[in-house]
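Novice: My structure is below; once you've seen it, I'll send some questions.
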Amino acid sequence: MPTPRERMVISAALLIRERGAHPTAIADVLEHSGAPRGSAYHYFPGGRTQLLCEAVDYAAEFMAARLARAGSSLDALDDLFGYYREQLQGSDFRAGCPVVAVAVEAGDPDRPDQAAKLLERAAVAFARWQDVIAQRLTADGVPARQASALAMLVLTSFEGAIVIARASHDLAPLDLVHDRLRTLITADTAGEPGKGDSR
């Protein structure tokens, strides 16, 4: 069972992905998590910036672990797109990526120190996901340099598809990108016995 502190971090990530970083106040996180009033600065002495950073770290770990559990590159891809398909449908297209939200909204010129911390955490999260995807591709027989480039393509295409799907209230961008990426990954892993398209 998550501790009150852990519940606050999870709630922050969930609220950021639907509302964005700026509109998500500590009071909202307390209400959503059910954590005791007045506990925010006890658990997060660095204030809202610390809470946002830890929410990004949580999202990074959650998705990295999900990707790492997949049996193959195609399994990872299908799970990634399938999961977000469900999230978008279940939230009336409000559920985006909390790491993208933080990265986009971190450029406050009046608070450069906070912005730098948040952007650094977001960059680490994206690099982690790219690395996990590349490792999965390499395990399926894709050469390391090619796997790294393909992993970046998967990541950026996926994130862009989510943004467009949210804006249009339409899953078609997600489905189209998913299909094209499957074709690319299948082609790159087809030479490995037992690998390739398993769907």
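Heads up: the sequence shown is residues 0 to 198, going by numbering that gives the first Met the number 0.
Where a beta carbon is used, it is the ideal one built from N, C-alpha and C, also for glycine.
This one's a predicted model, so the numbers in the text were calculated from it and none came from an experiment.
1. When we look at the beta-carbon of residue 16 and count the other beta-carbons within 10 Å, is it buried (16 or more) or exposed?
2. Rounded to the nearest angstrom, how far is the Cβ of residue 3 from that of residue 35, given a contact under 8 Å?
3. Here's the rule: buried if 16 or more other CB atoms are within 10 angstroms of the residue's CB, otherwise exposed. What is residue 82?
4. Among residues of its own chain, excluding the 5 on either side of residue 93, which ones have a beta-carbon nearer than 6 Å to its beta-carbon?
5. Starting from residue 34, trace the alpha helix (DSSP H) in both directions and tell me its first and last residue.
6. My guess is that residue 63 and residue 131 are in contact by the Cβ rule of under 8 Å, so how many angstroms apart are they, rounded?
7. If you run the structure through DSSP and keep just helix, strand and coil, what is residue 2?
8. Here's a check: name, in chain order, each residue in its chain whose Cβ is nearer than 6 Å to the Cβ of residue 187, leaving out the five neighbours to either side.
9. CB-CB under 6 Å to residue 42, same chain, minus the five flanking residues each way: which ones, in chain order?
10. Can you give me the C-alpha to C-alpha distance between residue 127 and residue 147, rounded to a whole angstrom?
11. Ignoring anything shorter than 4 residues or poking outside the segment 58 to 125, list the alpha helix (DSSP H) runs there in chain order.
12. Rounded to the nearest angstrom, what separates residue 58 and residue 160 at their Cα positions?
13. So, at 7 Å on beta carbons, what are the nonlocal neighbours of residue 72 in its own chain, with the 5 sequence-adjacent residues on each side left out?
14. In the DSSP assignment, find the unbroken alpha helix (DSSP H) run with residue 19 in it and report its ends.
15. Taking the alpha-carbon positions, what's the residue 65 to residue 171 distance?
16. How many Å lie between residue 109 and residue 67 at the Cα?
17. Inspect the beta-carbon positions of residue 19 and residue 119 and report whether they are closer than 7 Å.
18. Alpha carbons only, please: which of 31, 25, 54 is nearest the one belonging to residue 117?
19. Could you check the C-alpha separation between residue 90 and residue 33 for me, to the nearest Å?
Specialist: If we stick to the structure as given:
1. Along the sequence shown, read from residue 1 onward, the residue named residue 16 stands at position 17. By the neighbour-count rule (16 or more Cβ atoms within 10 Å), residue 16 is buried.
2. For the purposes of this step, residue 3 is identified with residue 4 of the sequence shown, where counting begins at 1. For the purposes of this step, residue 35 is identified with residue 36 of the sequence shown, where counting begins at 1. Indeed, because the Cβ distance is near 7 Å, the residues count as touching under 8 Å.
3. In the sequence shown, the residue the question calls residue 82 occupies position 83. Its Cβ having fewer than 16 others within 10 Å, residue 82 is exposed.
4. Position 94 of the sequence shown, counted from the first residue, corresponds to residue 93. Excluding sequence neighbours, residue 93 sits near 17.
5. Position 35 of the sequence shown, counting from 1, holds the residue named residue 34. Looking at the DSSP string, residue 34 is not in any alpha helix (DSSP H), and its letter there is neither H nor E.
6. As a working note, residue 63 is residue 64 in the sequence shown. As a working note, residue 131 is residue 132 in the sequence shown. Rounded, the Cβ-Cβ distance is 5 Å, consistent with contact.
7. Counting from 1 along the sequence shown, the entry for residue 2 is found at position 3. Residue 2: coil per DSSP, three-state reduction.
8. Walking along the sequence shown from the start, residue 187 turns up at place 188. Excluding sequence neighbours, residue 187 sits near 141.
9. Here residue 42 corresponds to residue number 43 of the sequence shown, with the count starting at 1. Short of 6 Å from the beta carbon of residue 42, and not among the five residues preceding or following it, lie these beta carbons of its own chain, in chain order: 4.
10. Counting from one through the sequence shown, the residue named residue 127 turns up at place 128. Counting from one through the sequence shown, the residue named residue 147 turns up at place 148. Approximately 12 Å, taken between the alpha carbons.
11. Counting only runs of 4 or more, we get 72 to 89, 97 to 104.
12. Indexing the sequence shown from 1 puts residue 58 at position 59. Indexing the sequence shown from 1 puts residue 160 at position 161. Roughly 18 Å separates the two Cα atoms.
13. For the purposes of this step, residue 72 is taken as residue 73 along the sequence shown, with counting starting at 1. Result list for residue 72: 135, 136, 139, 184, 188, in chain order.
14. As a working note, residue 19 is residue 20 in the sequence shown. In the DSSP assignment, residue 19 falls outside any alpha helix (DSSP H), carrying neither H nor E.
15. Against the sequence shown, residue 65 aligns to sequence position 66. Against the sequence shown, residue 171 aligns to sequence position 172. Going from the Cα of residue 65 to the Cα of residue 171 covers about 23 Å.
16. One-based indexing of the sequence shown puts residue 109 at position 110. One-based indexing of the sequence shown puts residue 67 at position 68. Those two C-alpha atoms are separated by around 38 Å.
17. Taking the first residue of the sequence shown as 1, we reach residue 19 at position 20. Taking the first residue of the sequence shown as 1, we reach residue 119 at position 120. Against a cut-off of 7 Å, the Cβ pair of residue 119 and residue 19 comes out as no contact.
18. For the purposes of this step, residue 117 is taken as the residue at position 118 of the sequence shown. Nearest C-alpha to residue 117 among 31, 25, 54: 54.
19. In the sequence shown, counting from the first residue as 1, residue 90 sits at position 91. In the sequence shown, counting from the first residue as 1, residue 33 sits at position 34. Near 21 Å, if we compare the C-alpha coordinates of residue 33 and residue 90.
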